[in-house]
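Numbered continuously in numbering that gives the first Met the number 0, the sequence shown closes out at residue 472. So the structure is just underneath, and the comments pick up after that.
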Amino acid sequence: MTRPNIVMILTDDHAAHAISAYGSKVNTTPNIDRIAAAGRRLEQCYCTNSICTPSRATILTGTYSHVNGVYGLETPIDSSQPTFVSALHDAGYATAVFGKWHMGEGQGHDPEGFDDWAVLRGQGEYFDPLFITPDGEKVVKGYATDVITDMSLQWLDQRTPQKPFCLLIHHKAPHRNWLPDDKHAGMYADVAIPVPDTFGDDYATRSSAAHRAMMRIADDLTTEDLKVDPPQGLTYDQLARWKYQRYMEDYLACVASVDDNVGRVLDSLVERGLFEDTLVIYLSDQGFFLGEHGWFDKRFMYEQSIQMPFVVSHPASIPANPEPLRRMVTNVDIARTVLECGRVEPHARMQGESFYPDLTEVRPDVEGGEFYYRYWENDEENHHTAAHYGIRTTRHKLIYFYNDGMGIAGTTSRTWTPEWELYDLENDPGEIRNVYHDPAYASTREELTVRLWELQAAVKDEPHSSQPRPPGK
Numbered sequence: 000m001t002r003p004n005i006v007m008i009l010t011d012d013h014a015a016h017a018i019s020a021y022g023s024k025v026n027t028t029p030n031i032d033r034i035a036a037a038g039r040r041l042e043q044c045y046c047t048n049s050i051c052t053p054s055r056a057t058i059l060t061g062t063y064s065h066v067n068g069v070y071g072l073e074t075p076i077d078s079s080q081p082t083f084v085s086a087l088h089d090a091g092y093a094t095a096v097f098g099k100w101h102m103g104e105g106q107g108h109d110p111e112g113f114d115d116w117a118v119l120r121g122q123g124e125y126f127d128p129l130f131i132t133p134d135g136e137k138v139v140k141g142y143a144t145d146v147i148t149d150m151s152l153q154w155l156d157q158r159t160p161q162k163p164f165c166l167l168i169h170h171k172a173p174h175r176n177w178l179p180d181d182k183h184a185g186m187y188a189d190v191a192i193p194v195p196d197t198f199g200d201d202y203a204t205r206s207s208a209a210h211r212a213m214m215r216i217a218d219d220l221t222t223e224d225l226k227v228d229p230p231q232g233l234t235y236d237q238l239a240r241w242k243y244q245r246y247m248e249d250y251l252a253c254v255a256s257v258d259d260n261v262g263r264v265l266d267s268l269v270e271r272g273l274f275e276d277t278l279v280i281y282l283s284d285q286g287f288f289l290g291e292h293g294w295f296d297k298r299f300m301y302e303q304s305i306q307m308p309f310v311v312s313h314p315a316s317i318p319a320n321p322e323p324l325r326r327m328v329t330n331v332d333i334a335r336t337v338l339e340c341g342r343v344e345p346h347a348r349m350q351g352e353s354f355y356p357d358l359t360e361v362r363p364d365v366e367g368g369e370f371y372y373r374y375w376e377n378d379e380e381n382h383h384t385a386a387h388y389g390i391r392t393t394r395h396k397l398i399y400f401y402n403d404g405m406g407i408a409g410t411t412s413r414t415w416t417p418e419w420e421l422y423d424l425e426n427d428p429g430e431i432r433n434v435y436h437d438p439a440y441a442s443t444r445e446e447l448t449v450r451l452w453e454l455q456a457a458v459k460d461e462p463h464s465s466q467p468r469p470p471g472k
């Protein structure tokens, strides 16, 4: 029995709610939707640290940030640690990665376990990107999303056909500062893009973390982001909505280019007769705020930031199912899932659980679950986002803002008073009302506090020194 091929298309900051398969109200993505239609869409896929570098490390290694050592943007990966790619390679797969790496380059941080690779330097450029390769640096003319796809399809032509393959296609888009190509620039200029219901959130019941964050569309998007100065004489509300429209025009145009290139990959697999026995995954490294709570960016443990889009097809083993998979999964689970599909044993250090049996319908889909989240950075230079962790269950979310950044390479930063937030996602899906201090939620608060402590122990993370110890723990 032959092993399946694997193609993983990973984008940067693509919110699930900007994909039509997820019910987007702002755009359509017909090619990403093709994957979902041929297989399955995950309804509740979450990242466990909503920032690019750590999430990418978790996807590769199948481990939490405190295990793989990649806490934030400035903590590069030790590429010698086992990954799902290195396991596939050792099992006889041909392996390659093209595009964004963003986990450090050089000094032991370049991709390992890959037969071929060419990765962007750092964040990379949208136009005429510079690539780091085993043979040195090179600039490739063109638009990054097209160039990365070109490299990937060329590799498919040149690979050894007798071997199964694992190809990672890592796009820069739609990361800030959102530069569309000529084909898609202006495609939303005449479209009135609706603002989300929580656009005007005043953070009245939230902790100070929300008030401090510098991610407000009205205040923190720059001329470099918007490419043009706003009109004179606008009120604050008018300015916020004008900036939102400009931001979304370019963001969605970048997504449209990604979707076109997903179509190129799918068409190529079909033409080569490979689609039926290739596990095709489209996902992003985390979610993104598209105006919710008045924000752009990610980092926070709120839904739009932590929900990852994840659509997958493999006609040879995954029945096409229009109903989404409702079981809660995280990016820690992805490595084991890919390896189970490839019939390769995972490394013992890999955490999480494979959800491949759910996709193949060997195991019934059971709605529910819970997971542990931790954002380690206490960013005082750019976004001013406070360090925090918490637990997300089917109905509730408990967040502890401990706020001092301990754990990133042994550094410390300014200390803020710890704060708690609790949300009832059934009654408040927009996460507007923090009910942590509401007496009606006292028992829920106590139960979740204990469960948070238990989850930390289960994943072998250490609570922050300021976290109160629950009774009996």
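Beta carbons are placed, not taken as given, at the ideal position from N, Cα and C, and that holds for glycine.
Query	Result
Cβ contact check for the region 325-341 and the region 151-159: 3 or more pairs under 8 Å	no
N- and C-terminal bounds of the beta strand (DSSP E) containing H183	That residue, H183, is in no beta strand (DSSP E); it is neither H nor E in DSSP.
Whole-angstrom distance between S54 and R245, CA atom to CA atom	28 Å
Which residues DSSP lists as bridging W294, in chain order	R215
Short CB-CB distance (under 8 Å) between M300 and chain C	Annotation note: the requested chain C is absent from the structure, which comprises a single protein chain.
Enclosing beta strand (DSSP E) for F400 [first to last residue]	H395 to F400
According to DSSP, residues forming a beta bridge with K474	Because residue 474 is not part of the residues shown, which for the chain are 0 to 472, the question remains open.
Cβ-Cβ distance between P173 and E291 below 8 Å	no
Backbone secondary structure at M307 - three-state DSSP	coil
Beta carbon of I168 nearer than 8 Å to that of I8	yes
C-beta atoms of V310 and I5 nearer than 8 Å	no
G262 - containing alpha helix (DSSP H), residue span	Y235 to E270
Whole-angstrom distance between T359 and Y371, CA atom to CA atom	26 Å
Closest residue to P314 among Y301, F299 and L268 (Cα-Cα distance)	L268
Between the CA atoms of E339 and P345 - distance to the nearest angstrom	8 Å
With 16 other Cβ atoms within 10 Å as the buried cut-off, status of A191	exposed
Chain-order list of residues whose beta-carbon lies under 7 Å from that of Y235 (same chain, five-residue window excluded)	A217
Segment limits, beta strand (DSSP E) that includes L273	From DSSP, L273 is part of no beta strand (DSSP E); its letter is neither H nor E.
Nearest to I390 (by Cα), restricted to the options L451, R432 and M349	L451
Sequence-distant residues of its chain with Cβ nearer than 7 Å to G68 (five each side left out)	T74 and D77
Span separating the alpha-carbon of T144 from that of T47	26 Å
Residues that D196 bridges to, as DSSP identifies them	D196 is not bridged to any residue.
L454, DSSP secondary structure in three states	helix
Which of helix, strand or coil DSSP assigns to C51	helix
Bounding residues of the alpha helix (DSSP H) (the contiguous stretch that carries Y355)	Y355 to L358
Element boundaries [beta strand (DSSP E), containing T221]	Taken as a continuous stretch (DSSP letters only), T221 belongs to no beta strand (DSSP E), as it is neither H nor E.
Collapsed DSSP secondary structure at L289 in the structure displayed	coil
Residues that A95 bridges to, as DSSP identifies them	D115 and L166
G367 versus F400, H387 and V328, residue with shortest Cα-Cα distance	V328
Reduced DSSP secondary structure (H/G/I, E/B, other) of F370	strand
W419 in three-state terms, based on DSSP	strand
Nearest-angstrom Cα separation, counted from W154 out to H88	16 Å
Extent of the continuous alpha helix (DSSP H) to which L9 belongs	Looking at the DSSP string, L9 is not in any alpha helix (DSSP H); the run it does join, the beta strand (DSSP E), is N4 to T10.
Cβ-Cβ separation, R298 to F374 (assumed contact under 8 Å), whole Å	Position check: residue 374 holds Tyr in this sequence, whereas Phe was assumed. At roughly 6 Å, the Cβ-Cβ gap stays under 8 Å, so Y374 and R298 are in contact.
Coarse secondary structure for T27, derived from DSSP in three states	coil
Opposing strand residues paired with R40 [DSSP bridges]	V310
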